[in-house]
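Beneath this line is the structure, given in structure tokens, with notes to follow.
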Ligand code: GTQ
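Residue numbers (the numbering used here): 2 to 346.
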């Protein structure tokens, strides 16, 4: 590979002349924007321990009333991107949100897609597009682009959940905005009841086209049962994993990020291949050791970590007598749509 000319090789007055005309020479930066073979990634492997995060989130509950926060969230920011950017990866935003008993986070809608993975507490709910979605540990609740959503809490103890959004991508694209609304009327009908059995969908063909998001709540009891059933049915299967899909299309539940639940068998070590999308791992039940790019994290229950794209990840179940369960979020729907998805093995 031949060396390219540097900026310092050019006369100062020439560069200044270009700059005043909003012009920049490509060749000094060409290898930077198109590096050889592997992209430059700002995303660093990063671990957020729930044990250390939780007291700070509860403290935010004392310091800032919900009316002053709208959404009381501690953002899990990747230092590789700079904390101010509030990015876990180039496309993924992660936040841990707290709602105290009796609190209400008012209705709004926005262009970024969101999901919530419930971490702790009972009695809270999210109303999405008129559907009241109760929150229990391990449940996945969608708030896809443009749908009204608000959070309420009728229980007695704090409720905490993990927010996963494609906010960094939407912001970068200059399409990120929100609209505030009135408290929603709760409408009859819940997708998770209508689509409660695999392979059986309600026969309402004419309605399907108008409902791009027929199911908004994916209960953990169902996902866990599916994983245990697959593991039992296929004892030699290495990657015991389910994808959260739209039950009408069989495709990813949202447009940009993909969501999965993974079961590690007792004592299992699983190597995930190096693929282009960045990933997030969050322990729903158990304990997992995660290794990526020479870094190793011990993830306890409710801990979260992220891994840059193009890197293999090794996950080890720290429990030798029981399975561990991991929620995974990645950028693969986006990569597939952009035509840049790669699995390098
Ligand atoms: O709960 O609607 O973490 O709008 C960031 C933006 C949560 C939410 C976040 C949001 C929300």
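Don't be surprised by glycine CBs; every beta carbon is placed ideally from N, CA and C.
(message) Using the Cβ count rule (16 or more neighbours within 10 Å means buried), how would you classify residue 28?
(response) exposed
(message) Between 277, 138 and 95, which has its C-alpha nearest residue 337's C-alpha?
(response) 277
(message) Below 7 Å, is the gap between the Cβ of residue 74 and the nearest heavy atom of ligand 1?
(response) yes
(message) Are there any heavy atoms of ligand 1 lying less than 7 Å away from the beta-carbon of residue 152, as far as the coordinates show?
(response) yes
(request) Tell me whether residue 295 counts as near ligand 1, meaning its Cβ is closer than 7 Å to at least one heavy atom of that ligand. (result) no
(message) Please give me, in chain order, every unbroken run of the beta strand (DSSP E) with length at least 3 that falls completely inside the segment 112-170.
(response) 115-121, 125-129, 132-135, 141-144, 150-154 and 160-166
(message) I need the boundaries of the alpha helix (DSSP H) containing residue 50, first residue and last residue.
(response) Here residue 50 belongs to no alpha helix (DSSP H), and DSSP marks it neither H nor E.
(request) Within the segment 49-112, note down every full alpha helix (DSSP H) run reaching 4 residues or more, in order along the chain. (result) 51-64 and 67-70
(request) Could you tell me whether any non-hydrogen atom of ligand 1 is closer than 7 Å to the CB of residue 4? (result) no
(message) By the three-class DSSP mapping on this structure, what secondary structure does residue 232 have?
(response) helix
(message) Quick check: is any heavy atom of ligand 3 less than 7 Å from the C-beta of residue 346?
(response) You won't find ligand 3 in this model; what it holds is ligand 1.
(request) Would you mind working out which of 91, 133, 129 and 143 sits nearest residue 114, comparing C-alpha positions? (result) Of 91, 133, 129 and 143, the residue nearest in Cα terms is 143.
(request) Compute the minimum distance between the beta carbon of residue 111 and the heavy atoms of ligand 1, and state whether it is under 7 Å. (result) yes
(message) Which same chain residues end up closer than 7 Å to residue 275 when comparing Cβ atoms and leaving out the 5 residues on each side of it in sequence?
(response) 311, 312, 313, 345 and 346
(message) Do residue 71 and residue 108 have their beta-carbon atoms positioned less than 8 Å apart in this structure?
(response) no
(message) Within 8 Å, do at least three Cβ pairs link the segment 321-340 to the segment 248-266?
(response) yes
(message) ligand 1 and residue 96: does any heavy atom of the ligand fall closer than 7 Å to the residue's C-beta?
(response) Because some heavy atom of ligand 1 lies under 7 Å away, the Cβ of residue 96 counts as near it: yes.
(request) Confirm the yes/no value for this check: CB of residue 331, any heavy atom of ligand 1, distance under 7 Å. (result) No, the Cβ of residue 331 stays beyond 7 Å of every heavy atom of ligand 1.
(message) Between which two residues does the alpha helix (DSSP H) holding residue 242 run?
(response) No alpha helix (DSSP H) holds residue 242; the beta strand (DSSP E) holding it covers 241-244.
(request) Quick one: measure Cβ to Cβ for residue 74 and residue 131, integer angstroms, because I've assumed they're closer than 8 Å. (result) Actually they do not touch by this definition, with Cβ atoms about 24 Å apart.
(request) Rounded to whole angstroms, what's the CA-CA distance from residue 333 to residue 106? Just pull it up for me. (result) For residue 333 and residue 106, the distance between alpha carbons rounds to 30 Å.
(request) Give the straight-line distance between the Cα atoms of residue 235 and residue 226, rounded to the nearest whole angstrom. (result) 14 Å
(request) Whole angstroms is fine: what's the gap from residue 126's alpha carbon to residue 271's? (result) 34 Å
(message) I'd like to know whether the C-beta atoms of residue 253 and residue 284 end up nearer to each other than 8 Å.
(response) It is not a contact, given that the beta carbons lie outside the stated cut-off.
(message) By the DSSP assignment, the alpha helix (DSSP H) with residue 19 in it spans what residues?
(response) 13-21
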